[in-house]
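Undergrad: In our numbering, the protein residues as written are 1 to 225. Where a beta carbon is used, it is the ideal one built from N, C-alpha and C, also for glycine. Remember, predicted model here, so these are calculated numbers, not experimental data. Below are the structure tokens for one structure; questions will follow.
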Amino acid sequence: MNNTAILKEMGIQPWYEREQEIKEKIAQSATPIKKFNNSLYDDIINCQKCELKDSRTNVVFGSGNLKADILVVGEAPGAEEDQQAAPFVGRSGQLLTKMLAAININRADIFVVNVLKCRPPENADPTESQIKQCRNWLDAQIDLIQPKFIMAFGKVAGNHLLNANYTMADMRQKIHTIKIKEQNIPMMVIYHPAYLLYQSSKKSEAWEDLKMAKQKINNIQDNSN
1 MNNTAILKEM GIQPWYEREQ EIKEKIAQSA TPIKKFNNSL YDDIINCQKC
51 ELKDSRTNVV FGSGNLKADI LVVGEAPGAE EDQQAAPFVG RSGQLLTKML
101 AAININRADI FVVNVLKCRP PENADPTESQ IKQCRNWLDA QIDLIQPKFI
151 MAFGKVAGNH LLNANYTMAD MRQKIHTIKI KEQNIPMMVI YHPAYLLYQS
201 SKKSEAWEDL KMAKQKINNI QDNSN
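Structure, rendered in structure tokens:
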């Protein structure tokens with residue numbers, strides 16, 4: 001039995017889907033920004049805290065379901081995200097959608113944000129100063145959404161939420177707990193889709209992380225019923 005057959009036998013969709021279907025799912029999840037009618041949204045899109053205010057086209061607040069149980073946290077907007085004011089809409093976004101679909105998660109049912117709300121010029125790595133300036137925004141978003149589980153994609157997102165300086169090897173394949181105000185939230189750190197596009201050999205490790213995340217999500221949902 002090949003890998004695709006095994007996944008289907010388990011009731012899990014394979015990572016690949018037709019490109020048009022993926023684009024439609026991303027479009028469905030990218031809630032128009034005018035629908036976010038709250039003061040936090042206004043504060044974030046008008047942010048002037050760091051130098052990225054001078055180079056951005058748009059502030060990327062996030063997209064999806066504000067009442068979601070699952071929050072996805074990435075690193076920073078790229079060029080396409082900056083243009084569309086929505087996170088994970090480029091190639092890495094298409095792979096993210098496939099990865100989530102593989103464990104039966106629809107992007108329209110979750111909320112997706114980045115650590116940084118503005119694109120660093122030339123897609124440079126976020127600086128410590130930029131990350132520090134955005135920290136309160138992400139904490140406020142987590143407090144607003146109050147997710148039951150967080151999936152942090154990439155080293156930057158993982159270390160930012162854990163307030164640490166770990167390697168990916170230190171962070172993955174573990175259930176971490178972060179505290180935002182009075183809420184303790186379980187979290188997993190998974191390879192960023194952009195990294196997997198260039199390091200396909202790591203996809204098998206990412207698949208193990210996704211399966212572990214799915215098991216934790218199932219446990220949370222079972223305990224909520």
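#1: Quick check on DSSP: helix, strand or coil for ILE103?
#2: Please report the distance separating the alpha-carbon of ASP222 from that of GLN215.
#3: Which stretch, first to last residue, makes up the alpha helix (DSSP H) that contains GLN183?
#4: Starting from the C-beta of ILE217, find all residues in its chain whose C-beta is less than 6 angstroms away, skip the five residues before and the five after it, and write them out in chain order.
#5: Keeping to the same chain, check which residues put their C-beta closer than 6 angstroms to that of MET212; ignore five residues upstream and five downstream.
#6: To which residues of the same chain is SER129 closer than 7 angstroms at the C-beta, ignoring the five residues directly before and after it?
#7: So, helix, strand or coil for LEU71, using DSSP?
#8: Which runs of the alpha helix (DSSP H) spanning at least 4 residues fall entirely within the segment 109 to 160, listed in chain order?
#9: Cβ of VAL73 within 8 angstroms of Cβ of VAL113?
TA: From the atom records:
#1: Here residue 103 refers to the residue found at position 103 when the sequence shown is read from its first residue. Three-state result, ILE103: coil.
#2: On the sequence shown, residue 222 is found 222 positions in, with the first residue counted as 1. On the sequence shown, residue 215 is found 215 positions in, with the first residue counted as 1. C-alpha separation (whole angstroms): 10 angstroms.
#3: Taking the first residue of the sequence shown as 1, we reach residue 183 at position 183. GLN183 -> not in any alpha helix (DSSP H); beta strand (DSSP E) instead, spanning 183 to 190.
#4: Start at 1 with the first residue of the sequence shown, and residue 217 comes out as number 217. If we look at ILE217 and ignore the five residues flanking it on each side, its Cβ neighbours are PHE149.
#5: Position 212 of the sequence shown, counted from the start, is the residue given in the question as residue 212. Around MET212: no qualifying Cβ.
#6: By one-based count along the sequence shown, residue 129 stands at place 129. The answer, listed in chain order, is CYS50.
#7: Numbered from 1 along the sequence shown, position 71 holds the residue referred to as residue 71. In the structure shown, LEU71 sits in a strand (DSSP, three-state: E or B).
#8: 128 to 145
#9: Residue mapping note: residue 73 aligns to position 73 of the sequence shown, counting from 1. Residue mapping note: residue 113 aligns to position 113 of the sequence shown, counting from 1. Against a cut-off of 8 angstroms, the Cβ pair of VAL113 and VAL73 comes out as a contact.
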